[in-house]
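Per this note's numbering: the sequence shown = residues -17 to 439. For each residue, glycine too, the CB sits at the ideal point set by N, CA and C. None of these values were measured; they are calculated from a predicted model. Please read the structure below before turning to the comments.
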Amino acid sequence: MSNDDLTHENFDFRGFDVPDLKAVTLASSSDGDQSKQPKTKHEDASKNRKHGKKKSKSDARSKKRAGAGKTSESFDDYEDYEEREAVSKADKKVSKDRPGLFAPMTLREVTVRNRIWLPPMCTYSSFARDGRPTPFHYQHYVSRAFGGFGMVIVESTAVALEGRITPCDLGLWEDGQIDAWRWIVDGIREAGAVPAIQLNHAGRKASTGCFAVGYDGQSVPEEAGGWPTMAPSEIAFGGLRTPRALSVDEIHGLVGAFAAAAGRAVAAGFQAIQIHAAHGYLISQFLDPLSNERDDEYGGDLTGRSRFLVEVVDAVRGAVPEGVPVLVRISATDWAAGGWDLDQTIALSKVLKEHGVDVMDVSTGGIMSGVSIPVKPNYQVPFSEQVKAKADIPVTAVGLITKPKQAAKILAHGEADAVEIGRAALRDPYWPLRAANKLGIPSTEIPYAPQYVAGAY
């Protein structure tokens, strides 16, 4: 398996059994029984020669629409035509009041121009190890804003120095980092997108390596810039170093660290805050009974294990203006027996809604190492659908969503309120603009910046 298949957004698949994602994605791109696909150019030509038929305009159109063989390119050619047809049929089967991909979405006092969002994806590129963003981050995020994404959620940003996943993570643990963010936030807003930021503490998964540091998948030694880690309990993640258990006073201090970082984010101009409670990082470690063996008020039953997150939500909600949306990213399951699951996620989502959370960003996994995850297109969407239906809270969907038709169906079927395009957005910063064209949306109705109108599809 190539390194390209090892990560999905900021969730690391290393140590998990993952099928061949390229093969799965390619097979799905035909979207149905291949026996029902149009005949190939070769087959059409042979049939015409046999019956002595002349080429007509309709023949030419059919030939253009047909798949031209068994390569990935032929699937893409076929899909160019089929995108509009499939979405049109889907729209007839669902309620007319469900929003499409390019319908705006209002959260408190913030209106997002569409339902295609960029999820937080770690780039590990603060090479000075000071938590400050660089020109790379400006290019990376602002280009996706110009590409038409509605909300751009900046990657995992540490609320404490020791809360970084790697030494090269971004941060907002001190006031001196605020100014470094402003030009990026301004650039995202000027391009028409809503700038959001994900705040995180890595807990026992902190001080790990990356491409810029080395020690990939391992704990970074202290002599190479690593540091001791902390967690709810003294339980290591896989082969990483064993953390020490946090004291109650330290937990209270971390609640304040999240609130302070949220205040700095607003001061930098961010319009929405996401709290990272997924993928096995610190908050996720508190939630899961397999990583939290505490016998105090921060452990035990669901109420105890959720206490840290609820306190963080309350503190962040109190640190930002009332009109600023607060999102929470959650792993709906850790894919392990006896661990965190969908029922607990739904129960927690109901509580978080009461505490002022506006959107649940539903993902899965990352809490336990060595488990098997059934990775395939849309594999996490059913979890979003259940949280949306049973907790009655807006949700976003993730999980190998790569095709415009695929994304449109998720909204048309009421499975989510917005979709997050991760892996595909790394390949194509202008994914929303291309998607609009494939779905037959006029260029006048999609978010082209004035500078790029001349190049509209």
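Residues in the same chain with beta-carbon distance under 8 Å from residue 255, minus the five sequence neighbours each way, listed in chain order, please.
178, 179, 181, 244, 247, 248, 298, 302, 306, 307, 308, 309
Spatial neighbours of residue 222 within its chain, please: C-beta separation below 6 Å, excluding the five flanking residues on both sides.
201
Please state whether DSSP places residue 375 in a helix, a strand or coil.
coil
Quick check: residue 317 and residue 353, are their CB atoms within less than 7 Å of each other?
yes
Do you know how far the Cα of residue 370 is from the Cα of residue 319?
24 Å
Using the beta-carbon count (16 or more within 10 Å), is residue 18 buried or exposed?
Residue placement at residue 18 is flagged as unreliable, the pLDDT there being 35, under the threshold of 50; the coordinate-derived value follows with that caveat. Exposed: under 16 other Cβ atoms inside 10 Å.
Does the region 359 to 375 come close enough to the region 339 to 346 that 3 or more CB-CB pairs lie under 8 Å?
yes
Span separating the alpha-carbon of residue 430 from that of residue 85:
15 Å
Rounding to the nearest angstrom, what Cα-Cα distance links residue 364 and residue 355 in this structure?
14 Å
Inter-residue spacing [alpha-carbon to alpha-carbon] between residue 62 and residue 377:
Confidence at residue 62 is low in this model, with a pLDDT of 46, below 50, so its placement is unreliable and the value that follows should be read with caution. The alpha-carbon atoms of residue 62 and residue 377 are separated by roughly 29 Å.
Which residues share a DSSP beta bridge with residue 190?
201
If I measure Cβ to Cβ from residue 241 and keep anything under 6 Å in the same chain, skipping five residues before and after, which residues do I get?
297, 298, 301
Between the alpha carbons of residue 435 and residue 411, how many angstroms are there, rounded?
16 Å
Within 10 angstroms of its Cβ, does residue 439 collect 16 or more other Cβ (buried), or is it exposed?
exposed
Tell me whether the beta-carbon of residue 462 lies closer than 7 Å to the beta-carbon of residue 267.
With the chain covering -17 to 439 only, the question about residue 462 has no answer from this structure.
What does DSSP give as the partner residues of residue 89 in its beta bridges?
92
For residue 348, count the other beta carbons within 10 Å of its own beta carbon; 16 or more makes it buried, fewer makes it exposed. Which is it?
buried
If you draw a straight line from the C-alpha of residue 11 to the C-alpha of residue 95, how long is it?
Model confidence at residue 11 stands at a pLDDT of 33, short of 50, so the residue's coordinates are unreliable; what they give is reported in the following sentence. Residue 11 and residue 95: Cα-Cα distance of roughly 28 Å.
Just to confirm the assignment, what range does the alpha helix (DSSP H) spanning residue 115 have?
No alpha helix (DSSP H) contains residue 115, which DSSP labels as neither H nor E.
Here's a check: name, in chain order, each residue in its chain whose Cβ is nearer than 6 Å to the Cβ of residue 227, leaving out the five neighbours to either side.
215, 216
Close-in-space but distant-in-sequence residues of the same chain around residue 424 (CB under 8 Å, 5 per side omitted):
none
Pick helix, strand or coil for residue 439, following the three-state DSSP scheme.
coil
Return the residue from the list 142, 287, 128 that minimises the CA-CA distance to residue 173.
128
Alpha-carbon spacing of residue 437 relative to residue 335, whole angstroms:
42 Å
Considering only C-alpha positions, which residue in the set 132, 270, 139 is nearest to residue 119?
139
So what's residue 422 in DSSP terms, helix, strand or just coil?
coil
In three-state DSSP terms, what is residue 309?
strand
Coarse secondary structure for residue 434, derived from DSSP in three states:
helix
When 97, 91, 93, 92 are compared against residue 81, the one with the closest alpha-carbon:
97
Cβ-Cβ separation, residue 166 to residue 197 (assumed contact under 8 Å), whole Å:
Actually they do not touch by this definition, with Cβ atoms about 28 Å apart.
First and last residue of the uninterrupted alpha helix (DSSP H) at residue 234:
230 to 250
Is it the case that the Cβ atoms of residue 133 and residue 404 are separated by a distance below 7 Å?
no
Mind checking whether residue 330 and residue 314 have CB atoms under 7 Å apart?
no
Where does the unbroken beta strand (DSSP E) through residue 138 begin, and where does it stop?
133 to 140
Which residues share a DSSP beta bridge with residue 402?
99
Is it the case that the Cβ atoms of residue 402 and residue 101 are separated by a distance below 7 Å?
yes
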